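Enquirer:
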Amino acid sequence: MKRKLPAFAGATAAGAAMGLLAVTGCSPPSPQENVSQACAASDAMASAIEEFRASLSADATVEEVRTARDKVSDAYETLTAEMEDVAEDRANDLETNVDEFRSAVDQVPDDAQLSDALESLGNEASDVRTALDSVDSDLNC
0 MKRKLPAFAG ATAAGAAMGL LAVTGCSPPS PQENVSQACA ASDAMASAIE
50 EFRASLSADA TVEEVRTARD KVSDAYETLT AEMEDVAEDR ANDLETNVDE
100 FRSAVDQVPD DAQLSDALES LGNEASDVRT ALDSVDSDLN C
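Numbers 0 to 140, taken from numbering that gives the first Met the number 0, label the letters of the sequence shown in order.
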């Protein structure tokens, strides 16, 4: 039998959520925060797997094992969402660096001595390579 909550319970929960947003701010997490969150989610999944393994005993019930399995599944879902944020950060960083690289090449005047632009163009190419290395690292390339 379901228990009915008072009508104001939903409004109270919504108000609490809005208050939490006001305190934490509305800015999205930084790439460093996303990496930290992905690492924390990975640690949580490792813990959930260990809890599952610990639940495997002769006196365990099927329900206990299923509950432990659900924790692993939930941790996996959280981890995959966090990893998407990290990969998205890396892809955005790569896109920004490629755009800046293209722009730098486009800004070199047709009649310029290329030797004048070599260093800055080399730096732009290095930035693209660094961003690409981050993507490769995330993809385990």
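Where is the CB? At the ideal position from N, CA and C, for every residue including glycine.
Computed from a predicted structure; not experimentally measured.
Classify T66 as helix, strand or coil using the three-state DSSP reduction.
Expert: T66: helix per DSSP, three-state reduction.
Enquirer: Using only CA atoms, which one of Q36, N91 and A39 lies nearest to V134?
Expert: Out of Q36, N91 and A39, N91 has the C-alpha closest to the C-alpha of V134.
Enquirer: Taking contact to mean at least 3 C-beta pairs separated by less than 8 Å, is the region 73-82 in contact with the region 31-46?
Expert: Segments in contact, yes.
Enquirer: Give me the Cβ distance between L120 and V104, rounded to the nearest whole Å; I'm assuming they're in contact under 8 Å.
Expert: Contact flag correct, Cβ pair sits at about 6 Å.
Enquirer: What residue range does the alpha helix (DSSP H) around Q36 cover?
Expert: It spans P30 to S54 - the alpha helix (DSSP H) in which Q36 sits, taken as one unbroken run.
Enquirer: In the structure shown, what three-state DSSP assignment does S26 receive?
Expert: It is coil, neither helix nor strand.
Enquirer: On the criterion of 16 or more Cβ atoms from any shown chain inside 10 Å, does A57 qualify as buried, or is it exposed?
Expert: Exposed, because fewer than 16 other Cβ atoms sit within 10 Å of the Cβ of A57.
Enquirer: Rounded to whole angstroms, what is the Cα-Cα separation between E49 and N122?
Expert: Spanning the two alpha carbons is a distance of roughly 46 Å.
Enquirer: How many Å lie between S72 and A45 at the Cα?
Expert: Their backbone Cα atoms lie some 11 Å apart in a straight line.
Enquirer: Under a Cβ-count criterion, where at least 16 other Cβ atoms within 10 Å of its own Cβ denotes burial, should D69 be classed as buried or exposed?
Expert: Result: exposed.
Enquirer: Tell me whether V107 sits in a helix, a strand or coil according to DSSP, three-state version.
Expert: V107 falls in the coil class under three-state DSSP.
Enquirer: When you compare each of A47, P108 and Q106 to R65 by their alpha carbons, which one comes out closest?
Expert: The residue with the shortest Cα to Cα distance from R65 is A47.
Enquirer: Taking the beta carbon of D88 as the centre, do at least 16 other beta carbons fall within 10 Å, making it buried, or is it exposed?
Expert: By the neighbour-count rule (16 or more Cβ atoms within 10 Å), D88 is buried.
Enquirer: Are V85 and D137 touching if we call contact CB-CB under 8 Å?
Expert: Result yes, Cβ atoms of V85 and D137 sit closer than 8 Å.
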